[in-house]
Amino acid sequence: MFFALTDEQRALAASVRDLLAGRFDLAAVRAVFDDPAGDGHPLDLWKTIGEQGWLSVRVPTEHDGLDLGLVDVQVIAREFGAGVVPGPWAATVLAGEAVLRAGGPEQAAAVLGPLAAGDLVATVALRGPGGGPGPDGVAVRATAAGRLDGIASGVEYAGVADLVVVAAIEGPGPSAAGTGPGLGLYLLDPTVAGVTIEPQAAPDGTTRLAALTLAGAAATRLPGSGAAALADLRRRGAVLAAADLVGLARAALTRTVAYDTDRVQFGRPVGSFQAVAHHLADLHVAVTMAEHAVLYAAHALDAGRPDADLAVAVAKSKANQAGADTTAAMIQYHGGIGYTWEHDAHFFYKRARRLIAAFGDSQWHREQVARLTIDSVG
Amino acid sequence: MFFALTDEQRALAASVRDLLAGRFDLAAVRAVFDDPAGDGHPLDLWKTIGEQGWLSVRVPTEHDGLDLGLVDVQVIAREFGAGVVPGPWAATVLAGEAVLRAGGPEQAAAVLGPLAAGDLVATVALRGPGGGPGPDGVAVRATAAGRLDGIASGVEYAGVADLVVVAAIEGPGPSAAGTGPGLGLYLLDPTVAGVTIEPQAAPDGTTRLAALTLAGAAATRLPGSGAAALADLRRRGAVLAAADLVGLARAALTRTVAYDTDRVQFGRPVGSFQAVAHHLADLHVAVTMAEHAVLYAAHALDAGRPDADLAVAVAKSKANQAGADTTAAMIQYHGGIGYTWEHDAHFFYKRARRLIAAFGDSQWHREQVARLTIDSVG
Amino acid sequence: MDLTYSPAAAEFRAELRAWLAANIPARWAAPGFWASLDEDEAFDLRRDWERRKALAGFAGVDWPVEFGGRGGTPAMAAILDEELARARAPRSVNTLGLTFLAPTLMAVGTPEQKAEIIGPLLRNEVIWCQGFSEPGAGSDLAALRTHGERDGDEFVVNGQKVWTTFARRGDQIFTMVRTEPGSSRHRGLSLLLIDMHAPGVEVRPIRQMSGVSEFGEVFFTDVRVPAAACVGGLGNGWATAMLLLSFERGASAIGQYTDYLRAFEEIVRVARALGRDGDPVVRQELARRRVELECLRYHSLHVLTEVEQGRDLGFASSVTKLQWSQAYQGLFETFDELLGPDAALVRPTADVDLTALRRESFWTRSVTIWGGSSQVQRSIVAERVLGLPRGS
Amino acid sequence: MDLTYSPAAAEFRAELRAWLAANIPARWAAPGFWASLDEDEAFDLRRDWERRKALAGFAGVDWPVEFGGRGGTPAMAAILDEELARARAPRSVNTLGLTFLAPTLMAVGTPEQKAEIIGPLLRNEVIWCQGFSEPGAGSDLAALRTHGERDGDEFVVNGQKVWTTFARRGDQIFTMVRTEPGSSRHRGLSLLLIDMHAPGVEVRPIRQMSGVSEFGEVFFTDVRVPAAACVGGLGNGWATAMLLLSFERGASAIGQYTDYLRAFEEIVRVARALGRDGDPVVRQELARRRVELECLRYHSLHVLTEVEQGRDLGFASSVTKLQWSQAYQGLFETFDELLGPDAALVRPTADVDLTALRRESFWTRSVTIWGGSSQVQRSIVAERVLGLPRGS
């Protein structure tokens, strides 16, 4: 029984935190945030990410990776959330998961090594405009010849990606059971003919999103893919988003506590007013629970536990709540300054709201919880 | 523009409050509460109610009533809620509404005078077991000859009633539009053959509920009744329940404020702790809004305003919330004593939960609000 | 109970409604219109609109005729708010002057102040800013540090104000200044009127999280202010400020209700465009918010009645602030939640542009902070309305 | 990460599960069983069960062997809690003695106290009550007024305790008494052990809002207590109490989770019987509660890990208390809400009897009050965990 981070994982967290604080602090985030027309992909940051091996965590050792688990990935994702860090790290990791789990040996050899080294920016395109997480949200179709047609929305960092993992309907589409053939994941080089990338404006300036329009674009199928692989990828995406959310929630809370320990109103530190203090205490409980839930969900996927589906839905629901509540409180308890562009609070607030909707919003995940825990009661 | 109680209505409220406090205080309530096998109908209280004219508010002057509105009725209902008063006052008033609005002249003459004088205890039986408010919740059928068959659940004070207004399906049932023939209200003498009254155990000892089983029981139709009359009665019942709820919510809050002004913990009055004080302040806002909403709904029915339907749904939803939250807080902020049988807090808590479910629970009324305000947006 | 208005008020509404129909361009009502303008452009349009409205006799409707008002009732003022919101007229750019400064001058201004200030304010010829908050003195007004040293007939003012609405476009500012050296907290303050074009006044706009810059910081560096430009007596600033702020209390929130109803309906249209308006869970959440809005309406009718009856609402205005600010903020939390998978985008679909609603959504985060934060309002309700013992 | 238990722990679980299967009558698991018994009958059954469990070697599993324990790990204690809840075994009638008094005696008891008290406690031969709260000293323990006057080798104790669980059936009570005349707050207190059958001890049961009388008041009138019946040193009661209460901190809430899951499933069955389990709105609310329960489970695994690693959890136990008490109470708020039109009844339909669930629902109102109210826990989290400045 060991439900905690190992010493190595703690050291990894500290290392990511320190490096980000030193080389990519909130001033650097602000530069990306304030330049929405830019690609949102600072190369010095990407170089650090590659050098530090933060892309190689899940890559097998034969491709020069560390062959670790999603638990280790979520350690890094939390720190990225805590620093509201821009860039295609999470998208690249997730695309790597697809290749790792559904790709053939040649695909793995071609992709995973460069990906681990930071030589490859990748992303995933799993749903159409307004499409939910799951097969019926997909709005791209694949021909038998591997040509893709359709639209994907909200694709992170499509503008700088060397590789996109695209979910596509095949033939008559997925079966009602949601498994088996009918849906595939495809590797797409976004520079081929038939690919149009259009940036999508979004309030969260710490990330870049785009719509991907495909018209007969040539792509390569991941041979192990199907509806189950899409569900697997969706679960992993949800855990990464949840980890980012708990990281930013913890940071939002910690920064608010620090600010209100010093800020004086009516002759007393604001944080000594019980109404404020008790609300912050409740938020600490919520963030703590969300942290445990994300840790459990990541491990459940690593270990293939039978309750992994439930754990993911619990983790994303709870992380959504913690992210929403702490960032709203961060603004409220900073007073007027927290509401300004000059203050960093809105980075946390806006990033939280993007992530809350990513890979299933709260209502969607709660319905998963209901399906798994109500309908099974005998 | 005058949205407030008149001086006469304020005087009525004060008079009801003072008389109840003097002649039927919480010790008297306790006696009824602690005797669940009793009929819950103290005759001395009923005598006072009759003498004071609290049953005659809506009765036309030709039947020796006061011919006032639902706004005046809700003034009394609030005070009954504030005193968690037992007895069939509300049920009798509501049955009177049915006769007043849908009865023929002879029925009015036979019922309304004695009802106003307190010589008649009446009640309504509008739904079957588990049946919601509305025609599809009715589980009694009427033959063309006026015989009733079926079951009604949760009938207040059926055990002491001289008269029951029963909702019954007629012929093939109500039309999809919910109006027109197919449903009627019937006057039933519960002592006739074919009527079985079975008490239903309930946690709220301030009221008595029963199931009414009808097997060919003879009854008289209210000639003006139909699905619209049932809806009308349901709205009036909801306003009465909401008024009782805001009365008890206000009393729960006031009693908690008084207790925590005196009770000392850690060397200070509990009510001076900001976390407690701010929660009580939020509850004051909620109760105030619920009070206004009930007042508006009662007036909207009196005046036949086009937004009456919305006003009733808003009032019942908000009163439900105020009733639930204040009575929970009453227990919490009394500390351990608030959780005991000896303390009066549980009268408020349990009565609130009965009323919250009566005449449409919060989810039901919110769906009415949605129907009236979402679907109409152009 | 009587929810009808007096014949005079009803007539006023009819006249106003006709005038608004003739004078508000249809394009103003389009959801994205105001968000599509640049800030100066929008300000100029609003200022001109406000001037035209005043010329047509729809300003100061409940002010005495001697001050250029219409001599109307509180109900007429509420009707004005309601009809302006219904017609999607922009909010006044001179709200702070009209709501706070003008009635204060009517009550305690000198004859010269009354004569020189109120008329131009009413006609929107002079835009008035408010300078109360300072860095370090937000909710806690008495902690302010801007100070004026007496020098002959003048004060030399130094200090900094913050969260001043329309600071960049203001002409004059009514502001709290510590005029007695060495005084502390509530003592030694004065309400001074300062020309924002005077030497030594500098303004820096504050950009909000929505990207809009409606607020600003105002810096005073050796600004010379005539001692006569003081309202309510030198050193008597705290009492004057309390009087000034009390004029907010009588304000019914009926205009806010009408405006939030507009937001509710725009949100419903978004939900429908995204295919979410039939979802029972979304319907419950929208209904929950609508219940709070309707309660705000009923409450506003009650407040209006109280004012018309001549009753002082006292601290109950904190109840109104808590209700409207939380109903409004909560409505936009539901907005955030119902957007679905493409909630991160400005345009979740081709025909839905969230620019304006999202700007409003960000704005709602501020309404529980300014004008007395929710925390301050709850303390007022607890201590002054419920009579709970004061916390230390 | 490793969620598997050690071979020894797994073996323990298997052995325990087999013993429980053989020794718990099937009828105990029926939802209404315990509610159907009268209180004394239920107590006797639970006491006998507890005795049999101890004899079978399933008491004090993580206690040292020298005290009659099994010398097991914290994981084994958690497994015991989990399996007992899973098997629907009744909760111990000696919880307070086992959780608090026994480890305190192991740490600071005299050799005689260790020898005489721990064994009989473990075997459930003596039922121990706790006497901490007093009227006027609920969350604020230091305000207590029960006092003992020294008279030779004895104290003469007078005063009153309240909220004493199983007061009517207890044999002994460990209680906080002010033994230094004139002392105040945290000073001059002692933890005394008092025979509840001694002359001058009177018990009055307290009926709860659910109708059950699990608590009682205990009155001391000139009760003579040997001075040797003091734990942790005379006048050192506050420190001893803090030590004693610290033993709650290590407790994982895995048993509570398993128990609340039982409640969740019973509530789902009620929802189904009432035709509400397919309603999307009800499903969202139930899911919201289930999320909190699952978080409690993950959190408990983390707490267990910390304890097994030998780390002191310190004030983080307040986080656990807040989570379990609010998850549990919230679950029953959803229960109340989903009952529909006949929510007022004990039997909304012929096949649904809510007696037991409603009793539990009422019980959940108390869990945010006792054992340190939610307000006290939040203050601890704010000041001791987050390090916020202390309020005055």
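Chains as they are written, first to last, in my numbering: chain S, 1 to 378; chain E, 1001 to 1378; chain L, 2001 to 2392; chain F, 3001 to 3392. We put the beta carbon where it would ideally sit given N, CA and C, even for glycine. All of these numbers come straight from a predicted model, not from anything done at the bench.
Decide yes or no for the touch test of the segment 323–340 of chain S against the segment 364–374 of chain S: beta carbon pairs closer than 8 Å, at least 3 of them. No, the segment 323–340 of chain S does not touch the segment 364–374 of chain S.
Within 8 Å of any Cβ in chain L, is that where the Cβ of residue 1232 (chain E) sits? Residue contact with chain L for residue 1232 (chain E): absent (no Cβ-Cβ distance below 8 Å to any residue of chain L).
If we ignore side chains and look at the alpha-carbon of each, how far apart do residue 3319 (chain F) and residue 4 (chain S) end up? Rounded to the nearest angstrom, the gap between the Cα atoms of residue 3319 (chain F) and residue 4 (chain S) is 17 Å.
Quick one: using the 10 Å Cβ neighbour count with 16 as the cut-off for buried, is residue 1192 (chain E) buried or exposed? Around the beta carbon of residue 1192 (chain E), fewer than 16 other beta carbons sit within 10 angstroms, so the residue counts as exposed.
Can we say the segment 2288–2305 of chain L touches the segment 2317–2336 of chain L, given the rule of at least three CB pairs closer than 8 Å? Contact holds: three or more Cβ-Cβ distances are below 8 Å.
Rounded Cβ spacing between residue 2248 (chain L) and residue 2364 (chain L) (contact assumed at less than 8 Å): Their Cβ separation, rounded to whole angstroms, is 19 Å, which puts residue 2248 (chain L) and residue 2364 (chain L) out of contact at 8 Å.
Would residue 2078 (chain L) and residue 2252 (chain L) be called neighbours here (beta carbons separated by less than 8 Å)? Yes; because the gap between Cβ atoms is below 8 Å, this pair is in contact.
Residue 133 (chain S) to residue 126 (chain S), Cα distance in whole Å? Those two C-alpha atoms are separated by around 8 Å.
For the segment 3270–3298 of chain F, which residues have a CB atom closer than 7 Å to at least one CB atom of chain L, in sequence order? Those residues of the segment 3270–3298 of chain F that come within reach of chain L (Cβ to Cβ, closer than 7 Å) are 3280, 3281 and 3284.
State yes or no: is the C-beta of residue 1297 (chain E) within less than 8 Å of the C-beta of residue 1312 (chain E)? Yes, these two residues count as a Cβ contact at 8 Å.
Chain-ordered neighbours of residue 1275 (chain E) on chain S, where CB pairs are closer than 7 Å: Against chain S, the beta carbon of residue 1275 (chain E) has neighbours under 7 Å at 274, 275 and 278, listed in chain order.
Proximal residues, the segment 1339–1368 of chain E versus chain L, C-beta separation under 7 Å: Residues 1363, 1366 and 1367.
List in chain order: all unbroken alpha helix (DSSP H) runs of 4+ residues lying wholly within the segment 3060–3145 of chain F. DSSP runs (the alpha helix (DSSP H)) wholly in the segment 3060–3145 of chain F: 3074–3086, 3102–3108 and 3111–3122.
Compare the C-beta of residue 3265 (chain F) with all C-beta atoms of chain S and state if any pair is closer than 8 Å. At least one chain S Cβ lies under 8 Å of residue 3265 (chain F).
Using beta-carbon positions only, say whether residue 16 (chain S) and residue 54 (chain S) come within less than 8 Å of one another. Result yes, Cβ atoms of residue 16 (chain S) and residue 54 (chain S) sit closer than 8 Å.
Given a cut-off of 8 Å, decide if residue 2376 (chain L) and residue 2316 (chain L) are closer than it, judged by their beta-carbon atoms. Contact: no.
What's the C-alpha gap between residue 3200 (chain F) and residue 1238 (chain E)? Answer to the nearest angstrom: the Cα atoms are 55 Å apart.
Cβ-Cβ separation, residue 3019 (chain F) to residue 3090 (chain F) (assumed contact under 8 Å), whole Å: Residue 3019 (chain F) and residue 3090 (chain F) do not touch by the CB rule: their CB atoms are close to 16 Å apart, not below 8 Å.
Could you say which of F:3148, F:3389 and F:3212 lies nearest to residue 3182 (chain F) if we only look at CA atoms? Checked all of F:3148, F:3389 and F:3212; the closest Cα to residue 3182 (chain F) is F:3148.
Flag this pair as yes or no: are the beta carbons of residue 1273 (chain E) and residue 2391 (chain L) separated by less than 8 Å? At the C-beta level, residue 1273 (chain E) and residue 2391 (chain L) come within 8 Å of one another.
Segment contact, 8 Å Cβ cut-off, at least three pairs: the segment 2164–2184 of chain L with the segment 2214–2228 of chain L: Contact holds: three or more Cβ-Cβ distances are below 8 Å.
So, with DSSP's three-state summary, where would you put residue 1327 (chain E)? Per DSSP, reduced to three states, the secondary structure at residue 1327 (chain E) is helical.
Let me make sure I understand the geometry here. Which of F:3269, F:3239 and F:3327 has the alpha-carbon closest to that of residue 3338 (chain F)? Between residue 3338 (chain F) and the set F:3269, F:3239 and F:3327, the nearest pair of CA atoms involves F:3269.
Rounded C-alpha distance that separates residue 1074 (chain E) from residue 2040 (chain L): Roughly 53 Å separates the two Cα atoms.
For the 8 Å Cβ check, are there 3 or more pairs between the segment 3346–3355 of chain F and the segment 3300–3312 of chain F? Between the segment 3346–3355 of chain F and the segment 3300–3312 of chain F there are fewer than three inter-stretch CB-CB distances shorter than 8 Å, so the stretches are not counted as touching.
Helix, strand or coil: which one does DSSP assign to residue 2190 (chain L)? For residue 2190 (chain L), the three-state secondary structure derived from DSSP is strand.
What are the start and end residues of the beta strand (DSSP E) that includes residue 185 (chain S)? Here the beta strand (DSSP E) through residue 185 (chain S) covers 183–188.
Under three-state DSSP, which class holds residue 3369 (chain F)? In the structure shown, the three-state DSSP call for residue 3369 (chain F) is coil.
Sorry if obvious, but does the Cβ on residue 349 (chain S) come closer than 7 Å to a heavy atom of the ligand COA? The model on display carries no ligand, and the ligand COA is accordingly not part of it.
Indicate whether at least one CB of chain L lies closer than 8 Å to the CB of residue 335 (chain S). Chain L contact via Cβ: present.
For residue 3242 (chain F), does the count of other Cβ atoms within 10 angstroms reach 16, so buried, or fall short, so exposed? Around the C-beta of residue 3242 (chain F), fewer than 16 other C-beta atoms lie within 10 Å, and the residue is accordingly described as exposed.
Under the three-state DSSP convention, the category residue 3214 (chain F) falls into: In the structure shown, residue 3214 (chain F) sits in coil (DSSP, three-state: anything other than H, G, I, E or B).
Could you say which of E:1268, E:1166, E:1161 and E:1035 lies nearest to residue 3136 (chain F) if we only look at CA atoms? For the set E:1268, E:1166, E:1161 and E:1035, the Cα lying nearest the Cα of residue 3136 (chain F) is the one of E:1268.
Quick one: grab the DSSP three-state call for residue 1115 (chain E). DSSP, reduced to helix, strand and coil, places residue 1115 (chain E) within a helical segment of the structure shown.
Could you list which residues in chain S have their beta carbon closer than 7 Å to that of residue 3302 (chain F), in chain order? What residue 3302 (chain F) touches in chain S: 3, 4 and 292.
Nearest-angstrom Cβ-Cβ length linking residue 164 (chain S) and residue 123 (chain S), presumed shorter than 8 Å: Contact flag correct, Cβ pair sits at about 5 Å.
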